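Here the structure comes first, spelled out in structure tokens, and everything after it is commentary.
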RNA sequence: CGGGGAGUGGCUCAGCCUGGUAGAGCACUUGGUUCGGGACCAAGGGGUCGCAGGUUCAAAUCCUGUCUCCCCGACCA
């Protein structure tokens, strides 16, 4: 029942990693026979991967069901109309795969399912008495990533567990959000991942508050700022920090123009002869926020964070302006731009600049800059608004305590959002509340990247010989190897395997006619947690060799006891069940 | 979308510069010897050199176009 014979299994292991693999999980998933690539960001999941994914999904189902989740299975193919209703047919832009049917009708492949679940709510829910509802599915998502990479970490087709909560009010949403947060913590813990929950940017999802679940690894693409002293942790797309105050002189009564021919960068202005420190410069960036040109101002030595600008502008999409879009608005080219008394477009100024005086910035005239600029007097008094725009850096002060922030790379494995009424309003999903008033349903949205759990587990747990699976998500819990062709070895191995099967342990029986070395190498590569080797030496004493992939010495155990020992280990490793407190 | 790199048996690659009709290792098949950490010997099978044009007596090799994959960037004016 639980036994797979290696001699008949499809486990195509490789001695060499594919040349194009960069990160550990990608190399090992290919080498160990879990995946093959079909196209850029598109992978075949072979039987080993499917087994591990099934285990991850089973854990997710248990925990989602434990908080009252009800599983659905919705289409991946969506008529354009529903996405047009929410406005995201445009918002998603190139990221959405689009196609036409034979009649020329527009369709998209689902990137996420807010619209579809909301449409069900709209059609079927009438009363607050039917709420709350927690709906979820485990489904394939399609996203036309500009740049797929790193094996399973950034792909164009992947599996997501997406859940949606439906409540009559915000208080209900808050409860559902906390339920999901706790469920997520249990899911990732059970999958053997070390993770942190961080404050996050909501992006194209919208909504008021969101948390990302992050695994700290250099294979990740996000940056997290965290304080080791308190619990503060945030994606750098939202993280804030204390900035050391700058001592500004009184400055000038009026900004003063001076010639800076050929000076087009912060660095050039910092160099002789002008010698203006970057910290005294205002960097002026031109962006397009939903078709509208906007101006963003940050300190010369700091970086604008586009996600923060998106939040500040309230736009759905933000991109840098093209060079040719700038002069008609500003009257100058990039390199000489400034926002002093500028009113032709919205101007956003980084909050940390509010009190600065005697600053230098472009004059909006090619070849000239202004000095003596007072942010309050020359920008804020002319309609510019303060906003959180800058990207925090390691070493800056924690915004919550007097600690110092560290910044590390992390991989996002889950994200929960308080959506509020964004989708219920745009799609018209309402119920009558207790007073008989029609109110939009208050929603939350909760996603987990299933393959990312798989890949993250490998990034966290591997060594030079291969993968070291957590027992909970390993494709097999145990493997039994025969170390030689002798019939008595095989007979003893069969006995152990039968025992394991009886105990309900998943087992891969390496019955191949291969040398011992090959079997050891493959067992290590594939990363099966419990290895039981049947060899002549041990068997002479009625014993087999017990070894854990995660480490530790080889132990000799009687043939008759191996299965029980494995079963005991499996039982002991089972985390507190659904809903129980850890 | 910009820049860089790469497409040659299943895999990892050499050959290309300097055109002359395709190679190595691994993998695979058969036989033998082996058998506790990716064995050895012998004999084999397998490649329209991404695709399409062009140059040439002759193209994996030179030229043009095109497709695909990988990496960096796509903000720092």
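Residue numbers (our numbering): 8 to 589. Note that CB positions come from ideal geometry on N, CA and C, so glycine has one too. Since we're looking at a predicted model, the values are computed, not measured.
I need the boundaries of the beta strand (DSSP E) containing residue 112, first residue and last residue.
Where residue 112 is concerned, there is no enclosing beta strand (DSSP E), given that its DSSP letter is neither H nor E.
Within 8 angstroms, do at least three Cβ pairs link the segment 215-222 to the segment 420-427?
Yes, they touch.
Hey, how far is the Cα of residue 250 from the Cα of residue 167?
Each residue's Cα considered, the two are about 39 angstroms apart.
Which runs of the alpha helix (DSSP H), 4 residues or longer, sit entirely within the segment 104-158?
Taking only runs of at least 4 residues, the alpha helix (DSSP H) segments lying wholly in the segment 104-158 are 121-131.
Give the secondary structure of residue 71 by DSSP, where H, G and I count as helix, E and B as strand, and everything else as coil.
In this structure, residue 71 counts as helix in the three-state DSSP scheme.
Once DSSP output is grouped into helix, strand and coil, what is the label at residue 63?
Residue state, collapsed to three classes: helix.
Would you decide whether residue 134 is buried or exposed? Buried here means 16 or more other CB atoms lie within 10 Å of its CB.
By the 10 Å Cβ count, residue 134 comes out exposed.
Could you check if residue 33 is buried or exposed, using at least 16 other CB atoms within 10 Å of its CB as the buried criterion?
Answer is buried; the Cβ neighbour count reaches 16.
Going by DSSP, what residues sit across from residue 289 in a beta bridge?
Answer is 306.
Suppose the cutoff is 6 angstroms on Cβ atoms and the five residues either side in sequence are ignored; what does the same chain contact list for residue 381 look like?
Cβ within range, chain order: 258, 364.
Just to confirm, does residue 395 get its C-beta within under 8 angstroms of one of the non-hydrogen atoms of the ligand ZN?
You won't find the ligand ZN in this model; it holds no ligand whatsoever.
Can you give me the Cβ contacts of residue 11 inside the same chain, cut-off strictly under 6 angstroms, excluding the 5 residues immediately before and after it?
Within the same chain, residue 11 has close Cβ partners 515.
Please go through the segment 160-224 and give each complete alpha helix (DSSP H) segment of 4 or more residues, from N-terminal end onward.
Here the runs fully enclosed are 177-197.
So, residue 74 versus residue 141, is the Cβ gap smaller than 9 angstroms?
Result yes, Cβ atoms of residue 74 and residue 141 sit closer than 9 angstroms.
Would the segment 525-541 and the segment 477-493 be scored as touching if the rule is three or more Cβ pairs under 8 angstroms?
With the cut-off at 8 angstroms, the segment 525-541 and the segment 477-493 touch.
Note down, in chain order, each residue of its chain lying with its Cβ closer than 6 angstroms to the Cβ of residue 155, except the 5 sequence neighbours on either side.
Excluding positions up to five away in sequence, the list reads 47, 48, 161, 162, 163.
Counting Cβ pairs closer than 8 angstroms, one from the segment 235-242 and one from the segment 452-462, do we hit at least three?
The segment 235-242 is not in contact with the segment 452-462.
Does the structure place the segment 314-329 close enough to the segment 413-420 that three or more beta carbon pairs sit under 8 angstroms?
No, because fewer than three Cβ pairs between the segment 413-420 and the segment 314-329 fall closer than 8 angstroms, the two stretches do not touch.
Mind the definition here: the segment 178-195 touches the segment 113-132 only if three or more C-beta pairs lie below 8 angstroms; say whether that holds.
Not touching, per the Cβ criterion.
Considering only residues of the same chain and omitting the five flanking positions on each side of residue 227, which have a CB-CB separation below 6 angstroms?
The answer, listed in chain order, is 416, 417, 418.
Closest by CA to residue 622, which one among 345, 302, 306, 505?
The first residue shown for the chain is 8 and the last is 589, placing residue 622 beyond what the model contains.
Per DSSP, residue 413 forms a beta bridge with which residues?
DSSP output for residue 413 lists 233 as bridge partner(s).
Could you tell me if residue 563 is buried or exposed, where buried requires 16 or more neighbouring beta carbons within 10 angstroms of its beta carbon?
Exposed, since its Cβ has fewer than 16 Cβ neighbours within 10 Å.
Could I get the ranges of all uninterrupted alpha helix (DSSP H) runs contained in the segment 503-569, with 4 residues as the minimum, in chain order?
Runs found: 523-533, 543-546.
Look at the Cβ atom of residue 31, then the Cβ atom of residue 465, and state whether they are nearer than 9 angstroms.
Yes.
Express the C-alpha separation of residue 159 and residue 188 in angstroms, rounding to a whole number.
In a straight line, the C-alpha of residue 188 is about 24 angstroms away from that of residue 159.
Pull up the CB-CB distance for residue 581 and residue 541, whole angstroms please, since I reckon it's below 8 angstroms.
Not a contact, Cβ separation roughly 27 angstroms.
Closer than 8 angstroms is the cut-off here; do at least three beta carbon pairs connect the segment 79-91 with the segment 188-201?
Flag = no, the segment 79-91 and the segment 188-201 do not touch.
Under DSSP, the alpha helix (DSSP H) around residue 430 begins and ends at which residues?
Start and end: 429-434.
Tell me whether residue 23 is buried or exposed, calling it buried when 16 or more other Cβ atoms sit within 10 Å of its Cβ.
It counts as exposed.
Tell me residue 482's beta-bridge partners as DSSP assigns them.
DSSP lists no partner for residue 482.
Measure the alpha-carbon distance for residue 9 versus residue 206 and round it to whole angstroms.
Near 42 angstroms, if we compare the C-alpha coordinates of residue 206 and residue 9.
Using only CA atoms, which one of 348, 441, 446 lies nearest to residue 434?
Comparing Cα positions, the closest option is 446.
Please classify residue 587 as buried or exposed, where buried requires at least 16 neighbouring CB atoms within 10 angstroms.
Model confidence at residue 587 stands at a pLDDT of 49, short of 50, so the residue's coordinates are unreliable; what they give is reported in the following sentence. Under this definition residue 587 is an exposed residue.
Please state the DSSP three-state secondary structure of residue 385.
Correct three-state label for residue 385: helix.
Taking 8 angstroms as the cut-off, does the segment 271-286 touch the segment 296-313 (at least 3 CB pairs, one atom from each stretch)?
Yes, they touch.
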